[in-house]
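Numbers in our numbering are just positions in the sequence shown, counted from 1, shifted up by 2.
All C-beta atoms in this analysis are idealised placements derived from N, C-alpha and C, irrespective of residue type, glycine included.
Working notes, structure below.
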Amino acid sequence: MDEIARAGRPGPSGTRGIAEGPSLLIVGPTGTGKTHQAYGAVRSLLAAGVRLRWEAVTAADLYARLRPRPGLDAERELHTLTRCPLLVLEDLGAAKGSEWTEELTYRLINHRYEYLRPTLLTTNLAIDDLRTALGDRVASRLSEMTHRVILGGPDRRRTPAA
């Protein structure tokens, strides 16, 4: 996760920001601390003096947010997420899949892949299961654009505090 922190570069005002850089795919069973680690990476960036605009969304909320409805410009919303300097996308592959969600996920990941936009992704799915859930194109891009962090252990939410 330090690699993302090192991606910060001095901007025109002398403050460091992120224009492009590596991404992380944090994989592990439910309750192993994936979200905690993703937000820890964001905190590390901010503590290192990197100032950036970032957004966090679960995959299920992403699809709900972009679902066509009157008064919503879904393309504009998607464009906002594709261009966000740092995107935290949680629970990738957990939402019910469809052709529409697969296409939407592909468009988002492909844009971030092509423009080297740092993305922190969390998932409960192993890479082969991600390929099944999201399609070969998305899995291929994720395998190239991300460094993988694999977490293990018991569900911390179900383990009584000592």
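Tell me Ile152's beta-bridge partners as DSSP assigns them. Locating residue 152 in the sequence shown gives position 150, where the first residue counts as 1. Per DSSP, Val29.
My understanding is that Leu118 touches Glu57, with C-beta atoms under 8 Å, so please give their C-beta distance in whole angstroms. Position 116 of the sequence shown, counted from the first residue, corresponds to residue 118. Position 55 of the sequence shown, counted from the first residue, corresponds to residue 57. Contact doesn't hold; Cβ gap of about 17 Å is too wide.
Which listed residue (Leu80, Asp63 and Thr124) has its alpha carbon closest to that of Thr34: In the sequence shown, residue 34 corresponds to position 32, counting from 1. Among Leu80, Asp63 and Thr124, the Cα nearest to that of Thr34 is on Thr124.
If you run the structure through DSSP and keep just helix, strand and coil, what is Gly16? Taking the sequence shown and counting its residues from 1, one reaches residue 16 at position 14. Legend: pLDDT at Gly16 = 45, less than 50; position of this residue unreliable, value from coordinates given subsequently. Coil.
Going by DSSP in three states, Ala7 sits in which element: helix, strand or coil? Your numbering for residue 7 matches position 5 in the sequence shown. Bear in mind that the predicted position of Ala7 carries a pLDDT of just 40, short of 50, making it unreliable; the figure below should be weighed with that in mind. Residue state, collapsed to three classes: helix.
In the DSSP assignment, find the unbroken alpha helix (DSSP H) run with Thr107 in it and report its ends. Taking the first residue of the sequence shown as 1, we reach residue 107 at position 105. Residues Glu101 to Glu116.
Classify Thr134 as helix, strand or coil using the three-state DSSP reduction. The residue given as residue 134 occupies position 132 in the sequence shown. The answer is helix: DSSP assigns Thr134 an H, G or I state.
Could you work out which residue in Thr32, Ser25 and Asp130 is closest to Leu153 when comparing CA atoms only? Along the sequence shown, one-based indexing puts residue 153 at 151. The candidate whose alpha carbon is nearest that of Leu153 is Thr32.
Compute the distance between the beta-carbons of Val52 and Leu89, then report whether it is under 9 Å. As a first step, residue 52 is located in the sequence shown; it is residue number 50 there, counting from the start. As a first step, residue 89 is located in the sequence shown; it is residue number 87 there, counting from the start. Cβ distance not < 9 Å, so Val52 and Leu89 don't count as in contact.
What are the boundary residues of the beta strand (DSSP E) that Thr124 is part of? What you label residue 124 is simply residue 122 of the sequence shown in a count that begins at 1. Unbroken beta strand (DSSP E) run through Thr124: Thr121 to Thr125.
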